[in-house]
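J.: Dropping the structure in here first, questions after.
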């Protein structure tokens, strides 16, 4: 590979890894901390829909039951 192409490839690869790490950290925070519902309302919608699309059902209902029981 040419030096310029190699630098571009490394930059794109670095951005991909950083994006993947950021997405994982956001997923981990949302999966372990259900107290941030107001701050992440749009992100939670995408989170639930992506899990349902992947075949993981019942997370939304489980979280709703947990939030309701914690408020009482």
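Numbering (the numbering used here), first residue to last: 98 to 169.
All C-beta atoms in this analysis are idealised placements derived from N, C-alpha and C, irrespective of residue type, glycine included.
Express the C-alpha separation of residue 99 and residue 139 in angstroms, rounding to a whole number.
T.: Sequence index remark: in the chain shown, residue 139 carries index 42 (1-based). Sequence index remark: in the chain shown, residue 99 carries index 2 (1-based). The straight-line gap from Cα to Cα measures roughly 43 Å.
J.: If I follow the unbroken alpha helix (DSSP H) through residue 130, where does it start and stop?
T.: Walking along the chain shown from the start, residue 130 turns up at place 33. From DSSP, residue 130 is part of no alpha helix (DSSP H); its letter is neither H nor E.
J.: Distance, Cα to Cα, residue 102 vs residue 112?
T.: The residue labelled residue 102 in the question sits at position 5 within the chain shown. The residue labelled residue 112 in the question sits at position 15 within the chain shown. Whole-angstrom Cα-Cα distance: 15 Å.
J.: From what residue to what residue does the alpha helix (DSSP H) around residue 149 run?
T.: On the chain shown, position 52 is the one that residue 149 refers to. First-last of the alpha helix (DSSP H) with residue 149: 138–150.
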